[in-house]
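Reviewing the structure listed below.
Here it is in structure tokens:
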């Protein structure tokens, strides 16, 4: 109605989304204090982290952390940079969990959780990933644990679920990965039931990094020298996510899908109304909050057939879109997985470099 001002107008499109479609959950894709506070004020109900995010947050908030890091270094003279780094990663997650605690309590533990990621170097080792995940579960009651969706990760998801950890499957880009994750979680939940354990507070999610699916499909088009409608390429991740969502709904999995790695506003607008999670960086939150795209249900709207026909000319898209497009042992060789795990490993090494610089210090003058 003309001339009428609503609170949702002031807080933006994401707040409006969370008000109109509470099943479409929005998270902050960072554990930085100011960014998380901005998001919570606008309806965010969770947060995610990874090695790259932690490194970026440290660079942004070094004034908040430097004295603490130096204190830890002095208190633990035999500690390696990895030990100091993991103490930092854990404390960042605990701080984020504290900020989200009011949401956690208000929603009776259904929302208000933060995801902390296991060591990316462990992506081939199911036992060690599960062990680290179980340890993280002791940091705070509203902790979830991210692990890469490799073949080993699938095994780790089942074991961590059985141990009572709500998992967040990451480094995931394909329907095949999403289905494998959901099935692993179901096995873990069934084992809990058989052991007389409650699944009431379990809130597992499976990420599909829709923007990175887009990125890889575009790279594959260049590699294969294909000439296609460029508009179709903006729908690759959306198509994969919607196909996975349809399968999840049909089979009644407890796991929910989570869309991450935003590249265009479709990664928000096309999922409105779905029982899903959207984890969004602050730059993209600001873009979406200031846009004029109508907040309405689009999750059930299929990708235009003309675009899907174009996408089906790309072998790497078919691998991502079809439920049997990849076998578990092939997950780690899919292009988007290779690029992303390398970025996470590089981000982890960069974080260690920052800690190492503080540990070693400057040369002593003679």
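In the numbering used here, the protein residues as written are 68 to 433.
Just so it is clear, CB atoms sit at the ideal spot from N, CA and C, and this is done for glycine as well.
All values derive from a computational prediction rather than experimental measurement.
In this structure, the alpha-carbon of residue 175 lies about 29 Å from that of residue 239. Looking at the DSSP output, residue 323 sits in a beta bridge with 272.
Excluding the 5 residues flanking it on each side, residue 180 has same chain C-beta neighbours closer than 6 Å at 113, 209, 211, in chain order. About 7 Å separates the CB atoms of residue 277 and residue 327; that is less than 8 Å, so the two are in contact. Distance from the CA atom of residue 427 to the CA atom of residue 186, rounded to whole angstroms, is 23 Å. In the DSSP assignment, residue 345 falls within the beta strand (DSSP E) that extends over 344-347. Distance check between residue 103 and each of 170, 118, 146, 143 places 170 closest, using alpha-carbon atoms only. For residue 182, the uninterrupted beta strand (DSSP E) run begins and ends at 180-184, by DSSP.
Excluding five sequence positions before and after residue 285, the CB atoms of its chain that fall closer than 6 Å to its own CB belong to 300, given in chain order. Contact check for residue 375 against residue 386 fails: the beta carbons are separated by 7 Å or more. In the DSSP annotation of this structure, residue 401 is not part of any alpha helix (DSSP H), being labelled neither H nor E. Only buried fits residue 159, as 16 or more other CB atoms lie within 10 angstroms of its CB.
Taken atom to atom, the span from the alpha-carbon of residue 129 to that of residue 422 is near 11 Å.
Excluding five sequence positions before and after residue 161, the CB atoms of its chain that fall closer than 6 Å to its own CB belong to 206, 207, given in chain order. Residue 212 sits in a strand when the DSSP states are folded into three classes.
Under the criterion of beta carbons closer than 8 Å, residue 228 and residue 234 qualify as touching, at roughly 6 Å. Judged by beta-carbon spacing, residue 372 lies beyond the 7 Å limit of residue 296, meaning their Cβ atoms are not closer than that value. The C-alpha of residue 221 lies about 34 Å from the C-alpha of residue 109. For residue 234, the uninterrupted beta strand (DSSP E) run begins and ends at 234-237, by DSSP.
Rounded to whole angstroms, the Cβ separation of residue 248 and residue 262 is 21 Å, and the two are not in contact under 8 Å.
In the DSSP assignment, residue 93 forms a beta bridge with 345. Taking the Cβ atoms as the reference, residue 201 lies roughly 6 Å from residue 232, within the contact range of under 8 Å. No Cβ-Cβ contact shorter than 7 Å links residue 217 with residue 82. Here DSSP, grouped into helix, strand and coil, assigns residue 113 to strand.
In terms of CA proximity to residue 213, 271 leads the group 267, 363, 271. For residue 379, there is no enclosing alpha helix (DSSP H), as DSSP gives it neither H nor E.
Approximately 6 Å separates the beta-carbon atoms of residue 411 and residue 117; this is inside 8 Å, confirming the contact. By a beta-carbon distance limit of 8 Å, residue 94 does not contact residue 362. Their separation comes to about 17 Å.
Per DSSP, residue 267 lies in no alpha helix (DSSP H) and is assigned neither H nor E.
In chain order, 97, 98, 99, 159 place their CB closer than 7 Å to the CB of residue 124, counting only its own chain and leaving out the 5 sequence neighbours on each side. For residue 390, the secondary structure class from DSSP, reduced to helix, strand or coil, is coil. Fully enclosed beta strand (DSSP E) runs of no fewer than 3 residues occupy 180-184 of the stretch 143-202, in order along the chain. Between the alpha carbons of residue 224 and residue 168 lies a gap of roughly 25 Å.
A straight line joining the alpha-carbon of residue 106 with that of residue 349 spans about 8 Å.
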